[in-house]
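2 protein chains.
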Amino acid sequence: MPDPKQTPMAQSLRQAGYRLTKPRMAVLQVLQENNASLNPEEICRRGKSIYEPLGLVTVYRTLEILDELGLVRRVHSEQHCHNYASAGIDRHYLICRECHRVIEFPCEGLHNLIEGVRQRTGYTITDHLLELSGLCPACQQKQETDQHSPANSD
Amino acid sequence: MPDPKQTPMAQSLRQAGYRLTKPRMAVLQVLQENNASLNPEEICRRGKSIYEPLGLVTVYRTLEILDELGLVRRVHSEQHCHNYASAGIDRHYLICRECHRVIEFPCEGLHNLIEGVRQRTGYTITDHLLELSGLCPACQQKQETDQHSPANSD
DNA sequence: GTGCTTGCAAACCCTTTGCAGTGAA
DNA sequence: TTCACTGCAAAGGGTTTGCAAGCAC
Chain S
-19 MPDPKQTPMA QSLRQAGYRL TKPRMAVLQV LQENNASLNP EEICRRGKSI
31 YEPLGLVTVY RTLEILDELG LVRRVHSEQH CHNYASAGID RHYLICRECH
81 RVIEFPCEGL HNLIEGVRQR TGYTITDHLL ELSGLCPACQ QKQETDQHSP
131 ANSD
Chain P
-19 MPDPKQTPMA QSLRQAGYRL TKPRMAVLQV LQENNASLNP EEICRRGKSI
31 YEPLGLVTVY RTLEILDELG LVRRVHSEQH CHNYASAGID RHYLICRECH
81 RVIEFPCEGL HNLIEGVRQR TGYTITDHLL ELSGLCPACQ QKQETDQHSP
131 ANSD
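Listed in order, the protein sequences are those of chains S and P. -19 is the number of the first residue of the first sequence in the numbering used here; add one for each residue after it. -19 is the number of the first residue of the second sequence in the numbering used here; add one for each residue after it.
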């Protein structure tokens, strides 16, 4: 990532008439580098390593703007409701419960399912949210390794 | 509903060793009569018509117990994260954005979809949350009626 | 230089906790 | 009668707002 000002997210921000400031670039960079759902506090902590004076209030305000522009998406889980994930995440995603990484998945089957529900219930369905959670391959492997290591009885 | 003490939800509460008190019965009754996702404040307001002295704090505490017993489910939506719906709602439901009614739908297709995602991504998928939202038949009809009425230009 | 943006402090709101009185078993 | 439960008041924690200084343009 040679120049944060050249990323698509940064460009979108400018095109929408917002100024490209250091705090905003820091938030953008955190979300781009961590493909995970993070809460504002965590984003702020990580953002401080990029731009030290970054304040939590600014993170909130920046997230609001980014959400409005569709550059980030709020991710709901059983515990947290103010987590955010980087752009490109559509309304169906897969979260690793260990590392909180978020990925999208192809959703052809989803549209069929929704159509079926519409026919059976008579509801007009205008929106959906499908959140799957589990373990990503890396965390699965890590767990197996941990189990095989005799010292680790946690 | 002749006797609220005889409902399955009330029985479950007793079986779990909790006392069946008037505030709790009021909360139960609200959730049973309104198949909608309601926030604690709304539950409290409606509960007061059943048992006037009902307090918001008790609603919170009761909801916590009911959630623990699996009698109610927390429903997440884009705006609210502390809404609750009556028991029986599994992790896939359909919310009407007008009347907030919540219904479940058959989910055979969902398991296929999840299995497909598992194969493609290598993730172990242990949990899911599928929330569809739109308009229920009643609210659709109401909207059409409103459109046909010339006085209503809202 | 202009005025959008920032960070601090404080306000705000929703949720949780402490406690003494109340009532279900 | 006992002690789990309740409601009030207050504390708590996360989010939003007000404002003067700062900086992108």
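Note that CB positions come from ideal geometry on N, CA and C, so glycine has one too.
- [ ] May I ask you to report which of helix, strand or coil DSSP gives Gly114/P?
- [x] Numbered from 1 along the second sequence, position 134 holds the residue referred to as residue 114/P. Here Gly114/P sits in strand by DSSP.
TODO: Go ahead and pull the three-state DSSP assignment for Asp107/S.
DONE: For this step, residue 107/S is matched to residue 127 along the first sequence. In the structure shown, Asp107/S sits in a strand (DSSP, three-state: E or B).
Open item on the list: Just list the residues that DSSP pairs Ala16/P with in beta bridges.
Closed with: Taking the first residue of the second sequence as 1, we reach residue 16/P at position 36. DSSP, once it has assigned bridges, lists Arg81/P as partnering Ala16/P.
Task: Residue from Gln12/P, Leu112/P, Ile45/P, Cys87/P whose Cα sits closest to the Cα of Gln(-5)/P - done: Counting from one through the second sequence, the residue named residue -5/P turns up at place 15. Nearest C-alpha to Gln(-5)/P: Ile45/P.
Task: Cα-Cα separation, Ser133/S to Glu124/S - done: The residue you call residue 133/S lines up with position 153 of the first sequence. The residue you call residue 124/S lines up with position 144 of the first sequence. Residue confidence for Ser133/S is low, a pLDDT of 41 falling below 50, so the modelled location carries little weight and cannot support an answer.
- [ ] Consult DSSP for Asn132/P and reduce its assignment to one of helix, strand or coil.
- [x] The count along the second sequence starts at 1 and reaches residue 132/P at position 152. Note that Asn132/P scores 44 on pLDDT, short of 50, meaning its location in the model is unreliable and no value can be drawn from it.
Task: In DSSP terms, what Val52/P is bridged to - done: Your numbering for residue 52/P matches position 72 in the second sequence. DSSP, once it has assigned bridges, lists Ser66/P as partnering Val52/P.
- [ ] List the endpoints of the continuous beta strand (DSSP E) containing Ile75/S.
- [x] For the purposes of this step, residue 75/S is identified with residue 95 of the first sequence, where counting begins at 1. First-last of the beta strand (DSSP E) with Ile75/S: 72 to 76.
TODO: Run down chain S in chain order and give the residues with a C-beta less than 8 Å from the C-beta of His108/P.
DONE: Against the second sequence, residue 108/P aligns to sequence position 128. Leu110, Glu111, Leu112, Ser113, listed in chain order.
Open item on the list: Starting from Pro(-12)/S, trace the alpha helix (DSSP H) in both directions and tell me its first and last residue.
Closed with: On the first sequence, residue -12/S is found 8 positions in, with the first residue counted as 1. That run of the alpha helix (DSSP H) goes -12 to -5.
Task: Alpha-carbon to alpha-carbon, Leu112/P and Met(-19)/S - done: Mapped onto the first sequence, residue -19/S falls at position 1. Mapped onto the second sequence, residue 112/P falls at position 132. With a pLDDT of 47 at Met(-19)/S, under the threshold of 50, the modelled position of that residue is not reliable, and no figure is offered here.
Open item on the list: Using only the alpha-carbon positions, how far apart do Thr1/S and Arg41/S sit?
Closed with: Walking along the first sequence from the start, residue 1/S turns up at place 21. Walking along the first sequence from the start, residue 41/S turns up at place 61. Roughly 13 Å between the two C-alpha positions.
Open item on the list: Pop quiz: Cys61/S and His56/P are said to be a contact at Cβ under 8 Å. What is the actual Cβ separation, rounded to whole angstroms?
Closed with: By one-based count along the first sequence, residue 61/S stands at place 81. By one-based count along the second sequence, residue 56/P stands at place 76. Yes, they are in contact, since the Cβ atoms of Cys61/S and His56/P sit about 7 Å apart, within 8 Å.
Open item on the list: For His72/S and Leu93/P, what's the separation of their Cα atoms in angstroms?
Closed with: Locating residue 72/S in the first sequence gives position 92, counting from the first residue. Locating residue 93/P in the second sequence gives position 113, counting from the first residue. So the two alpha carbons sit approximately 12 Å from each other.
TODO: Just the C-alpha distance for Gly50/S and Ser66/S, rounded to the nearest angstrom, thanks.
DONE: The sequence position of residue 50/S within the first sequence is 70, counting from 1. The sequence position of residue 66/S within the first sequence is 86, counting from 1. Between Gly50/S and Ser66/S, the C-alpha separation is close to 9 Å.
Task: Where Met(-19)/P sits in the DSSP three-state scheme - done: In the second sequence, the residue the question calls residue -19/P occupies position 1. For Met(-19)/P, the predicted structure reports a pLDDT of 47, less than 50, and the residue's modelled location is therefore unreliable. A value from the coordinates is still provided. Coil.
TODO: Throw me the rounded Cβ distance for the Leu8/P and Thr(-13)/P pair, which I believe falls under 8 Å.
DONE: Your numbering for residue 8/P matches position 28 in the second sequence. Your numbering for residue -13/P matches position 7 in the second sequence. At roughly 7 Å, the Cβ-Cβ gap stays under 8 Å, so Leu8/P and Thr(-13)/P are in contact.
Open item on the list: Tell me which residues of the region 20 to 46 of chain S have at least one Cβ-Cβ distance to chain P shorter than 7 Å, keeping chain order.
Closed with: none
TODO: Can you give me the Cβ contacts of Met(-11)/S inside the same chain, cut-off strictly under 7 Å, excluding the 5 residues immediately before and after it?
DONE: As a working mapping, residue -11/S is identified with position 9 in the first sequence. Leu8, Gln12, Leu51, Ala67, listed in sequence order.
TODO: Give a yes or no on whether 8 Å exceeds the smallest Cβ distance from Met(-19)/P to chain S.
DONE: As a first step, residue -19/P is located in the second sequence; it is residue number 1 there, counting from the start. Since pLDDT at Met(-19)/P reaches only 47, below the 50 mark, its modelled position is unreliable, and no value is offered.
Open item on the list: In the DSSP assignment, the alpha helix (DSSP H) including His60/P goes from what residue to what residue?
Closed with: Numbered from 1 along the second sequence, position 80 holds the residue referred to as residue 60/P. First-last for His60/P: undefined, no H or E at that position.
Open item on the list: Quick check: Thr101/P and Ile75/S, are their CB atoms within less than 8 Å of each other?
Closed with: Taking the second sequence and counting its residues from 1, one reaches residue 101/P at position 121. Taking the first sequence and counting its residues from 1, one reaches residue 75/S at position 95. Contact: no.
Open item on the list: Counting only C-beta atoms, is Asn63/S closer than 8 Å to chain P at any point?
Closed with: Taking the first residue of the first sequence as position 1, residue 63/S is located at position 83. Not an interface residue.
Open item on the list: List, in chain order, every chain S residue whose beta-carbon is nearer than 7 Å to that of His56/P.
Closed with: Here residue 56/P is taken as the residue at index 76 of the second sequence, counted from 1. Ordered by position in chain S, the residues that pass the 7 Å Cβ test against His56/P are His56, Cys61.
- [ ] Answer yes or no: does any C-beta atom of chain P fall closer than 8 Å to that of Asn132/S?
- [x] Mapped onto the first sequence, residue 132/S falls at position 152. Confidence in Asn132/S is poor, its pLDDT being 43 and thus under 50, which makes the residue's placement too unreliable to answer from.
Task: Where the alpha helix (DSSP H) through Arg100/P begins and ends - done: Indexing the second sequence from 1 puts residue 100/P at position 120. From DSSP, the alpha helix (DSSP H) with Arg100/P extends over 88 to 101.
- [ ] Would you kindly work out how many angstroms separate the C-alpha atoms of Ile105/P and Leu115/S, rounded to a whole number?
- [x] Locating residue 105/P in the second sequence gives position 125, counting from the first residue. Locating residue 115/S in the first sequence gives position 135, counting from the first residue. So the alpha carbons of these two residues sit roughly 7 Å apart.
Task: Under the three-state DSSP convention, the category Gly35/S falls into - done: Position 55 of the first sequence holds residue 35/S. Coil at Gly35/S, not helix or strand.
TODO: Would you please state the rounded distance, in angstroms, between the beta carbons of Tyr(-2)/S and Ile23/S? I believe it to be under 8 Å.
DONE: Against the first sequence, residue -2/S aligns to sequence position 18. Against the first sequence, residue 23/S aligns to sequence position 43. At roughly 18 Å, the Cβ-Cβ gap does not stay under 8 Å, so Tyr(-2)/S and Ile23/S are not in contact.
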